[in-house]
Structures are given as structure tokens and as C-alpha cells.
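Engineer:
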Amino acid sequence: MGGFVSVIPGDIPRLDGQLAVSRAFGDKSLKMHVRSDPDVCIRDIDAATEFMILASDGLWKVMDNQTAVNHVKLLMDPQKGARKLTSEAVALGSTDDISCIVVSFR
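Here the sequence shown stands for residues 1 to 106, numbered as in full-length UniProt numbering.
Below is the structure:
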């Protein structure tokens, strides 16, 4: 039961050339090669934290963190911010699926 991780310039590492190694949930055909235990990270949110962006690699492959934050800050509306980020990812040439949620803390 082996597999391989491919690393192609301009892309993220993928298991058997298919599954992004950062994504192990829900892909039955590759379950024998990957663990589906989640990584959990706990962060304190202070009064200065305005929002959090949760997005798939379809966004992060074409946009850096600060650019995403800037787009959301300009709109100051979580739903409009998420829509803007997904439309910008498409405009930037993303060919992967794009999921995005903006959570407001205000």
C-alpha cells in the first residue's frame, strides 16, 4: 500500500498526483494513503480581530493573505467579502474549486 507525493512547480504537493496533501477528508479512493485526523489549532481572538477568512486552495493558490484581507476590509461585509474573493480568484485564473467563508467578529 504505497503512494507517492508529486511536487510540480507552481502547484501544491499532491498524493498520487491528485489529492492535495493538505486535504484528506472525504476522498474515499485515496483513504488508504492518507490520514483523516484533523489538525486543530486554537488561537485567541482579541478586540483588534475583525474577521477570519476560511478558504480552499482554489483561492490561496492565486492570492496571498494580505491581498485577501485588503479585499474584505474594503467591503466590510462578510458575504460580499467572500463573493469578492471567489470572483477575484476566478479572474486571477484559478482552475481549482473555490470555497470561501468570511466570519465577522464585530
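Ideal Cβ positions, reconstructed from N, Cα and C, are used throughout, including at glycine.
How many Å lie between residue 59 and residue 103 at the Cα?
Structural biologist: Roughly 16 Å between the two C-alpha positions.
Engineer: Taking the beta strand (DSSP E) that residue 75 belongs to, which residues open and close that run?
Structural biologist: Segment 65-75 is the alpha helix (DSSP H) holding residue 75; no beta strand (DSSP E) there.
Engineer: Let's see if you can read the secondary structure: which residues bound the alpha helix (DSSP H) around residue 104?
Structural biologist: No alpha helix (DSSP H) holds residue 104; the beta strand (DSSP E) holding it covers 100-104.
Engineer: Use the C-beta contact count for residue 81: other C-beta atoms within 10 angstroms, 16 or more gives buried, fewer gives exposed.
Structural biologist: buried
Engineer: Could you check what DSSP says for residue 54 in three-state terms: helix, strand or coil?
Structural biologist: strand
Engineer: Where does residue 7 fall in DSSP's three states?
Structural biologist: coil
Engineer: So, with DSSP's three-state summary, where would you put residue 83?
Structural biologist: helix
Engineer: Residue 92 and residue 62: beta carbons closer than 7 Å?
Structural biologist: yes
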